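A.B. asks: The numbering of the sequence shown is full-length UniProt numbering, which starts it at 1 and goes up by one.
For every residue, glycine included, the Cβ atom is placed at its ideal position computed from N, Cα and C.
As the structure is a prediction and not an experimental result, all values here were calculated from the model.
Structure in structure tokens, see below.
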Amino acid sequence: MKRNETTTRIAHVFRGTFVHSTPQTAVEILHNSVLGVDDEGKIAFIDKDQNVTRLSKLWGFETSDIKQLGQYEFLMPGMVDTHIHASQYSYSGTALDLPLLEWLNTYTFPVEARYKDLDFANNIYTKVVRRTLKNGTTTACYFATIHTDASLLLGELADKFGQRALVGKVCMDCNSEVPRYKESSSDCKRETDRFIKELLKKEYPNVKPVVTPRFAPSCSAALLSDLGEIANNTKLHIQSHISENKEELKLVKRLFPDCRSYTDVYLKYNLLTDRTVMAHGCYLTDEELKIFHETGSAISHCPNSNISICSGMLDVRNVLNHKVKLGLGTDVAGGYSPSILDAMRRTLDTSKALTIQDPQHQTLTFEEVFRLATLGGSEALSLDDQIGNFEVGKDFDALRVNVCIPDGPIDAFPGEGPKVILEKFLNLGDDRNITEVYVAGRQVVPFPDT
Numbered sequence: 001m002k003r004n005e006t007t008t009r010i011a012h013v014f015r016g017t018f019v020h021s022t023p024q025t026a027v028e029i030l031h032n033s034v035l036g037v038d039d040e041g042k043i044a045f046i047d048k049d050q051n052v053t054r055l056s057k058l059w060g061f062e063t064s065d066i067k068q069l070g071q072y073e074f075l076m077p078g079m080v081d082t083h084i085h086a087s088q089y090s091y092s093g094t095a096l097d098l099p100l101l102e103w104l105n106t107y108t109f110p111v112e113a114r115y116k117d118l119d120f121a122n123n124i125y126t127k128v129v130r131r132t133l134k135n136g137t138t139t140a141c142y143f144a145t146i147h148t149d150a151s152l153l154l155g156e157l158a159d160k161f162g163q164r165a166l167v168g169k170v171c172m173d174c175n176s177e178v179p180r181y182k183e184s185s186s187d188c189k190r191e192t193d194r195f196i197k198e199l200l201k202k203e204y205p206n207v208k209p210v211v212t213p214r215f216a217p218s219c220s221a222a223l224l225s226d227l228g229e230i231a232n233n234t235k236l237h238i239q240s241h242i243s244e245n246k247e248e249l250k251l252v253k254r255l256f257p258d259c260r261s262y263t264d265v266y267l268k269y270n271l272l273t274d275r276t277v278m279a280h281g282c283y284l285t286d287e288e289l290k291i292f293h294e295t296g297s298a299i300s301h302c303p304n305s306n307i308s309i310c311s312g313m314l315d316v317r318n319v320l321n322h323k324v325k326l327g328l329g330t331d332v333a334g335g336y337s338p339s340i341l342d343a344m345r346r347t348l349d350t351s352k353a354l355t356i357q358d359p360q361h362q363t364l365t366f367e368e369v370f371r372l373a374t375l376g377g378s379e380a381l382s383l384d385d386q387i388g389n390f391e392v393g394k395d396f397d398a399l400r401v402n403v404c405i406p407d408g409p410i411d412a413f414p415g416e417g418p419k420v421i422l423e424k425f426l427n428l429g430d431d432r433n434i435t436e437v438y439v440a441g442r443q444v445v446p447f448p449d450t
């Protein structure tokens, strides 16, 4: 290992246990190791701690500056929420009594219409960014609303609190039963262009726009075509929903009779790219999954929402067998929890339920789900060249986890090794166990004002 620049300064050095995933290994545990982060927030080195003296001379840090992790502590990569509606956070944990299409018109659209009021938007967006960061979400792919200025505010707040985020101004021009909550196709195009231009002009280091057709039923063919063109011209990310609910599938078939499938709608309008992430996918056929693989498009698995509003159950094993990129999403507020820890648990629950139905189904392991929440999420958002694990040169997005905090939710016992401690955290832990959060090398939790 050689230093590329003699002027590189080490901002953080941690010593202890590190847990992450690689493409080959679902969980890799690095015992007795040392990790350095440079002043640009990137991982400079990771090595055995027996080499710490040599490393300190090579990189110019003092051994007294090393942050020693305790016996029941470890560092893991930050978690990635590949699908969350920031604008729905105010009613998370409630309003789960209706199927999708009724749920949207009864609860979602009336609430989202209120985001024209920037004070209202500021209150809720501040809370959702802080809450997700406290729960270890270092990267969030957000749906906002149709309101350009409120969507820009969400980007501003994500940058302020230090969260890595993709922020989408929602586009919808039809099939809303709330008249004040939709735009004309031309207004959608104009405001999407303005949103992208204004957000990029801010030059936030870790917040970027994402082209966001709500879903095919709420978008005309003209709008989908415009958004596909915008995404192609700007090379931006794209996010939407697909095959969440059986009634939705029937509606899509009726609205787009010339398309062979739901996937074919997005394909026709150039919205399936290697920067696309589609939420849910419960009813995608093998033929559609093949298209996802060929285009490099990803799926966001949102198990809490899928069950909470009785949409369906995604067979994640089948998606992975088709070599389709897949990450986890909370889908607040269809999903009632803003924590990716919950998404991991519901992913395992869903996989086990599928095994109960079909004993031949290969149940997911907690190690595989850990990878989906970290490296898998970064792959789904095409950010795996920047984040997702502790590879030298990547940004240091990380959580410091302590399973033995006072009055915490976990009890540890003698003889339990790091893998047992990890599994306990994934199954039993909560935000109290996440004592520090880093994004691009910057400590963002605890918050500066607490």
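Would you say Asn306 touches the ligand HEM, meaning its beta carbon is less than 7 Å from a heavy atom?
C.D. replies: The ligand HEM is absent from the structure shown, which contains no ligand whatsoever.
A.B. asks: Would Phe74 and Val13 qualify as a contact pair, given that the criterion is a beta-carbon distance under 8 Å?
C.D. replies: no
A.B. asks: Confirm, please, whether the CB-CB distance from Asn304 to Tyr336 is below 8 Å.
C.D. replies: In this structure, Asn304 lies closer than 8 Å to Tyr336 by Cβ.
A.B. asks: Would DSSP call Gly376 helix, strand or coil?
C.D. replies: helix
A.B. asks: Once you ignore the five residues that flank Gln443 on each side, which residues in its own chain have a CB closer than 8 Å to its CB?
C.D. replies: Glu436, Val437
A.B. asks: Hey, would you say Ile124 sits closer than 8 Å to Ser90, going by beta carbons?
C.D. replies: yes
A.B. asks: Thr295: which of Ser311, Ser308, Tyr283, Met278 sits nearest, CA to CA?
C.D. replies: Met278
A.B. asks: Give the DSSP bridge partners of Pro209, in chain order.
C.D. replies: Val167
A.B. asks: Out of Asn233, Val265, Glu391, Thr234, state which residue places its alpha-carbon closest to the alpha-carbon of Ser240.
C.D. replies: Val265
A.B. asks: Ignore the nearest five residues each way along the sequence and tell me which others in Lys2's own chain have a CB closer than 8 Å to its CB.
C.D. replies: Annotation note: pLDDT 43 at Lys2 (below 50); position unreliable, coordinate value reported separately. No residues qualify anywhere along the chain.
A.B. asks: Leaving out five residues before and five after Asp431 in sequence, what residues of the same chain have Cβ atoms less than 6 Å from its Cβ?
C.D. replies: Lys134, Asn135
A.B. asks: For Phe413, does the count of other Cβ atoms within 10 angstroms reach 16, so buried, or fall short, so exposed?
C.D. replies: exposed
A.B. asks: Measure the alpha-carbon distance for Thr8 versus Leu383 and round it to whole angstroms.
C.D. replies: 24 Å
A.B. asks: Do you know offhand how far Gly16's Cα is from Lys253's?
C.D. replies: So the alpha carbons of these two residues sit roughly 55 Å apart.
A.B. asks: Out of His83, Pro359, Glu367, point me to the one whose CA is closest to Thr139's CA.
C.D. replies: His83
A.B. asks: Put Leu326 into one of helix, strand or coil per three-state DSSP.
C.D. replies: strand
A.B. asks: One question on the structure: do Val324 and Ile299 come within less than 8 Å of each other, judged by their Cβ atoms?
C.D. replies: yes
A.B. asks: Which word fits Ile242, buried or exposed, when buried means at least 16 other C-beta atoms lie within 10 angstroms of its C-beta?
C.D. replies: Counting of Cβ neighbours within 10 angstroms places Ile242 among the buried residues, the total reaching 16 or more.
A.B. asks: Within the continuous alpha helix (DSSP H) that includes Thr132, where are the two ends?
C.D. replies: 118 to 134
A.B. asks: Checking the sheet assignment: what are the DSSP bridge partners for Ile46?
C.D. replies: Leu35
A.B. asks: Based on the DSSP output, what are the partners of His12 in its beta bridges?
C.D. replies: In the DSSP assignment, His12 forms a beta bridge with Val37.
A.B. asks: Just verifying my parser: in three-state terms, what is the DSSP assignment at Ile299?
C.D. replies: Judged by DSSP in its simplified three-state form, Ile299 adopts strand.
A.B. asks: Taking buried to mean at least 16 other C-beta atoms within 10 Å of its own C-beta, is Val403 buried or exposed?
C.D. replies: buried
A.B. asks: Please check the pair Leu267 and Ile291, which I expect to be a contact at CB under 8 Å, by giving their CB distance rounded to whole angstroms.
C.D. replies: 6 Å
A.B. asks: Please classify Cys302 as buried or exposed, where buried requires at least 16 neighbouring CB atoms within 10 angstroms.
C.D. replies: buried
A.B. asks: Looking at Gly168 and Thr212, is the spacing between their C-beta atoms short of 8 Å?
C.D. replies: yes
A.B. asks: Per DSSP, what are the beta-bridge partners of Ala279 in this structure?
C.D. replies: His241, Ser300
A.B. asks: Is it true that the segment 200 to 215 meets the segment 158 to 172, where meeting means three or more beta-carbon pairs spaced less than 8 Å apart?
C.D. replies: yes
A.B. asks: Taking 8 Å as the CB-CB limit, is Val111 close to chain C?
C.D. replies: Any reference to chain C falls outside this structure, which holds one protein chain only.
A.B. asks: Can you grab the Cα-Cα spacing for the pair Asn270 / Thr234, in whole Å?
C.D. replies: Going from the Cα of Asn270 to the Cα of Thr234 covers about 13 Å.
A.B. asks: What are the boundary residues of the alpha helix (DSSP H) that includes Thr53?
C.D. replies: 52 to 59
A.B. asks: Can you give me the C-alpha to C-alpha distance between Glu5 and Asp385, rounded to a whole angstrom?
C.D. replies: Caution applies to Glu5, whose pLDDT of 46 falls short of 50 and renders its modelled position unreliable; the model cannot decide the point.
A.B. asks: Tell me which residues share the same chain as Phe370 and place their Cβ nearer than 6 Å to its Cβ, disregarding the 5 neighbours each side in the sequence.
C.D. replies: Once the five neighbours on either side are set aside, the close Cβ partners of Phe370 are Val27.
A.B. asks: Please classify Phe396: is it buried, with 16 or more other beta-carbons within 10 angstroms of its beta-carbon, or exposed?
C.D. replies: buried
A.B. asks: Measure the CB-CB distance between Leu249 and Gly327 and report whether it falls below 8 Å.
C.D. replies: Leu249 is not a Cβ neighbour of Gly327, given a cutoff of 8 Å.
A.B. asks: To the nearest angstrom, how far is it from the Cα of Val19 to the Cα of Asn427?
C.D. replies: 16 Å
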